[in-house]
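As given, the protein sequences belong to chains D and P, one line each in that order. In this text, residue positions in the first sequence follow the numbering used here: the first is 1, and each later residue adds one. In this text, residue positions in the second sequence follow the numbering used here: the first is 147, and each later residue adds one. The beta carbon of each residue, even a glycine, is placed where N, CA and C say it ideally should be.
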Amino acid sequence: MRRRIGELWIAFAVIHFVGVTIGGWSTVQDVFADGPINCIHGDVERDAFFGWFFMGVPILTTGVVTRWAQRRTGTLPESMGWITVVAFGIGALVAPLSGAWLGIALGIGTIAVSRHQGRGPQLPGDPSDGFVSYERGEPRHETTHR
Amino acid sequence: MRRRIGELWIGLGVLHLLLIMVMGWSEFRDLLGDGYVNAGETDAERQAFFWLLYLGVPFIIVGVVTRWAQRRLGTVPESMGWVSLVCFLLGALAVPASGFWLGLVLAGYGIVVARTGGAGTPESLGSGGGIRSKAHG
């Protein structure tokens, strides 16, 4: 089975959006009651909520690009994994009660994928050796003999 | 010349980090001065500063993976451009006096690059058609 790092990033973003919306529900209600245009100006609480909420956007974008790239190349850059681990490590120190730990796990997953060329553990009866390439449009199972 | 979407995302992330750090310098000093462990979960003002500053980090991660993908495959996914375009538009509506407009431009540019296969304009095309693929090393 292909290791789905891109999909995991997208899921991370969705969890983030849902979690932040639930966590800041009163602020969400206030924002919609006042109208969403120019709704942050001058309000520290809304500012904090918005910065926190919007963190999900680049996470989602990372997921979209990562999924697309992994489907075509079968792997990911190791540098991305290390940057993610360090960046979310700092985030976890500053805000221990946050989803930064999930980001660290994703970074480690990215490093693992890049070191194993995108192959997951081989399942019994799976001829593809865990790797499916979409490089030429159609899924193409690749078999390697160990 | 290859259109450098990944590098532009990294640039956006770095610019964001620098600007927020300069604009909230006193807050940043307080955050470091008080010890940064658990520093983001104290008062609302510090939380607002921290999350706004930290927003630059995933921009850089987007840039790293996009740069890598564009160097290997010669283009970027159009879906990436649309997702970021919609999100930055919502951001720009909520906070009009912000850098979201820069993100909107970058998202639009990403769509253009995806539609033209990552190649530059005809005038700027070299022998590689504007793409330098490093797919095979």
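Are the beta-carbon atoms belonging to residue i and residue j less than 8 Å from one another?
i	j	result
G99 of chain D	H16 of chain D	yes
T73 of chain D	L219 of chain P	yes
P58 of chain D	A240 of chain P	no
I5 of chain D	V113 of chain D	yes
A260 of chain P	V222 of chain P	yes
G81 of chain D	I108 of chain D	yes
W197 of chain P	M55 of chain D	yes
A48 of chain D	A190 of chain P	yes
M226 of chain P	V65 of chain D	yes
L250 of chain P	L236 of chain P	no
R213 of chain P	I156 of chain P	yes
F12 of chain D	L102 of chain D	yes
Against chain P, with Cβ distances strictly below 8 Å, would residue i count as a contact?
i	result
F17 of chain D	no
I40 of chain D	yes
G50 of chain D	The sequence given here places Phe at residue 50 of chain D; Gly does not occur at that position. At least one chain P Cβ lies under 8 Å of F50 of chain D.
F32 of chain D	no
I59 of chain D	yes
T84 of chain D	yes
E45 of chain D	yes
L102 of chain D	no
V113 of chain D	no
R72 of chain D	yes
A87 of chain D	yes
G99 of chain D	no
Is DSSP giving residue i helix, strand or coil here?
i	result
A243 of chain P	coil
L154 of chain P	helix
M55 of chain D	coil
I37 of chain D	coil
D43 of chain D	coil
G19 of chain D	helix
G254 of chain P	helix
L149 of chain P	Here the sequence assigns Arg to residue 149 of chain P, which means Leu is not the residue at that position. Residue state, collapsed to three classes: coil.
Y182 of chain P	coil
S98 of chain D	coil
V222 of chain P	coil
T212 of chain P	helix
D176 of chain P	helix
H116 of chain D	coil
H141 of chain D	Low confidence applies here, because H141 of chain D scores a pLDDT of 49, under 50, leaving its location unreliable; read the following figure in that light. Strand at H141 of chain D.
Does any C-beta atom of chain D lie closer than 8 Å to the C-beta of residue i?
i	result
E191 of chain P	yes
F174 of chain P	no
W247 of chain P	no
I257 of chain P	no
M226 of chain P	yes
L164 of chain P	no
L235 of chain P	no
L239 of chain P	yes
V251 of chain P	no
I207 of chain P	yes
A231 of chain P	The amino acid at residue 231 of chain P is misidentified as Ala; the sequence shows Leu. So no, L231 of chain P is outside the interface.
W197 of chain P	yes
T262 of chain P	no
L154 of chain P	no
H282 of chain P	Because the pLDDT of H282 of chain P is 42, which lies under 50, any placement of that residue in the model is unreliable, and the number read from its coordinates should be weighed accordingly. Not one chain D Cβ lies under 8 Å of H282 of chain P.
Answer with buried or exposed for residue i, where buried requires no fewer than 16 other C-beta atoms within 10 angstroms of its C-beta.
i	result
Y182 of chain P	exposed
V86 of chain D	exposed
Q29 of chain D	exposed
R3 of chain D	buried
S230 of chain P	buried
R150 of chain P	buried
G159 of chain P	buried
R175 of chain P	exposed
I22 of chain D	exposed
A33 of chain D	exposed
V211 of chain P	buried
Quick check: does the Cβ of residue i come within less than 7 Å of any heavy atom belonging to the ligand FMN?
i	result
G254 of chain P	Annotation note on the ligand FMN: not contained in the displayed structure, which lists no ligands.
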